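The numbering of the sequence shown is the numbering used here, which starts it at 16 and goes up by one. This report refers to the structure that appears directly beneath it.
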Amino acid sequence: MARGAAYGDFDRDGDVDILITTNQGPALLYRNDVTNGNRSIRLRLTGTKSNRDAVGAVVRLTAGDVTQSRMVRTGSSYLSQSELTLTFGLGRRDRADRIVVEWPNGRVDEHKNVAPGSYTCLEGGGLVG
């Protein structure tokens, strides 16, 4: 019987994997190892005026005619915590046109023409790869 689930990039290859725990059994790690050429942008937000983990921040990413939205949140399943880093799929696009970060304190930061990769996003600052 499965009890908890948490997602994150456990193998640090740029895609999201999932870990499921079971009652009186082993934890099961399902790795996402698809190599189809699709790209992603991963953002780890760090608050300076808002809370340090940026819990409650909303990020909207636009690439072409597609807009995606993610919220930094805690607690995802029974006795589980998924990573706070946000992952956005780009498909085969070579960049995101626009990323808008709405911080918990109301501040809004915008970043344009962002290439695939992993970044730290500092509140009131830029993206660091």
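We treat Cβ as the ideally placed atom computed from N, Cα and C, and that holds for glycine. On a predicted model such as this, the values are computed, not experimentally measured, just so you know.
- Leaving aside the five residues that flank Arg46 on each side, the residues in its chain whose CB is nearer than 8 Å to its CB run, in chain order, Phe25, Asp26, Asp32.
- Beyond the five residues adjoining it in sequence on each side, Val129 comes within less than 7 Å, by CB distance, of Ile56, Arg110, Ala111, Ile114, Leu142 in the same chain, given in chain order.
- Under the DSSP assignment, Glu125 falls in the beta strand (DSSP E) whose first and last residues are 123 to 129.
- A contact between stretches requires three or more CB pairs, one per stretch, nearer than 8 Å, and the stretch 56 to 75 meets this requirement with the stretch 114 to 124.
- Excluding sequence positions up to five before and after Arg59, its CB lies within less than 6 Å of the CB of Thr100, Thr135, all in the same chain and listed in chain order.
- At a Cβ-Cβ threshold of 8 Å, Thr61 and Glu138 count as neighbours.
- When rounded, the separation of the alpha-carbon atoms in Ser92 and Ala78 is 30 Å.
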